[in-house]
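Engineer: Count along the sequence shown from 1, then add 69; that gives the number in my numbering.
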Amino acid sequence: MTLIWSGLASGAVYALVAIGYNIVFVSSQTFNFAQAQLVMVGAFVAYNASVTWHLPLWAVALIATAAVLALATVEERVAVRPVSEPDALLVTTLGVATLLSGGTQLIWGSQPLSVPFPGSSNVISVFGGRIYPYEVGLVAAPVVLVLIYLYLSRRLTVGLALLGMAEDREAAILRGVNVRLLALGTFALAGAVAGLVSLLVGPYTFAVATLGSELALKGFVVLAIGGFGSMGGSLVGAVIVGLVEAVASRYLGTQYSDLCVFAVLLIVLFARPAGLFVRTRERVV
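1) Measure from the alpha carbon of Thr161 to the alpha carbon of each residue in Thr173, Val147 and Gly172, then state which is nearest.
2) Taking just the CA atoms, how far does Leu126 sit from Ile200?
3) Quick check: the Cα distance between Glu144 and Phe256, rounded to an integer number of angstroms?
4) Using the C-alpha atoms, what's the distance from Met70 back to Val195?
5) So the alpha helix (DSSP H) Gly254 belongs to, where does it begin and stop?
6) Pull up the CB-CB distance for Val108 and Ser267, whole angstroms please, since I reckon it's below 8 Å.
7) Got a sec? Which residues, its chain only, sit under 7 Å from Arg352 by beta carbon, not counting five neighbours each side?
8) Could you give the distance in angstroms between the alpha-carbon of Leu72 and the alpha-carbon of Pro187?
9) Just how far apart, CA to CA, sit Gly288 and Val184?
10) Once you ignore the five residues that flank Ala139 on each side, which residues in its own chain have a CB closer than 8 Å to its CB?
11) Out of Gln174, Ala157 and Leu345, point me to the one whose CA is closest to Gly302's CA.
12) Please report the straight-line C-alpha distance between Ser79 and Leu243, rounded to a whole angstrom.
13) Nearest-angstrom Cα distance between Val354 and Val93?
14) Please state if the CB of Gly76 and the CB of Val313 are separated by a distance shorter than 9 Å.
15) Which word fits Ser153, buried or exposed, when buried means at least 16 other C-beta atoms lie within 10 angstroms of its C-beta?
16) Can you tell me which of the three DSSP states Gly198 falls into?
17) What residue range does the alpha helix (DSSP H) around Gly188 cover?
18) The alpha helix (DSSP H) spanning Gln324 covers which residue range?
Right, here's the structure in full:
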């Protein structure tokens, strides 16, 4: 059971990145390559606020959320809005990711920094498996975020407008939807989520300048398995990736964990090219 908890905790980190990807993708059909780097920056900000400035938890959460939200807003205005070609957005957001990775290394260095968790650091037993308290919160966080997102997207007018914009952008404009403002809002929301969850991701992964690249790759794999745009799929994909990674590391060695993850990805894509929870739709031209 300890092995399962370890896999779920790793998968939860990837799920949190994938949820940020999906928040932007569902509304504007844009893939933000810098989402994982935003989580990384949030972990560094949380380290500074808690270790250097000795602030209480609520202040750390507020500062990390506000800082990453501001970065995501600037990214949308500078690297996304001026670009008209969808394919070019992959280049500009990847450029932002590279800048964030290099900037964090210049500011904080390349050594891993331990982000403290405000609760107990003693190992506890849950269903016969050993797990740290912050890992329990880490596993629960993506589930809570998905439930909140699904509720708000179906109950609030702005949530319905976002779904309508994703379905047909031109029709949404004709109905009076301010698509530019909503696109900015989704980037800001994804940034706020990245900053907030960094308080849970940081204690698990440490704050390190190479964190963004690893999380970006695994978050993309999670989306590809679950299906782009599917929030529930991101949870299932994260569980699959986390458990495969944990089992492969335990019985085959850590050098084979990534190989096994990508083997599972290929199997899923051969069977369902759009992912497990997304149906392909034919277009009549």
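Where a beta carbon is used, it is the ideal one built from N, C-alpha and C, also for glycine.
Note that this is a predicted model, so its numbers are computed, not measured.
Structural biologist: According to the structure data:
1) Val147
2) 22 Å
3) 8 Å
4) C-alpha separation (whole angstroms): 9 Å.
5) That run of the alpha helix (DSSP H) goes Val248 to Thr274.
6) 5 Å
7) Only weak support is given to the placement of Arg352: the predicted model assigns it a pLDDT of 47, under 50, and the value that follows is read from those uncertain coordinates. Same-chain partners within the cutoff: there are none.
8) 25 Å
9) 21 Å
10) Gly260
11) For Gly302, the nearest C-alpha among the options comes from Leu345.
12) About 43 Å.
13) In this prediction, Val354 scores a pLDDT of 43, lower than 50, which makes its location untrustworthy; the coordinate-derived value is nonetheless stated afterwards. Taking the straight line joining both Cα atoms gives about 27 Å.
14) yes
15) Its Cβ having fewer than 16 others within 10 Å, Ser153 is exposed.
16) strand
17) Per DSSP, Gly188 belongs to no alpha helix (DSSP H) and is neither H nor E.
18) From DSSP, Gln324 is part of no alpha helix (DSSP H); its letter is neither H nor E.
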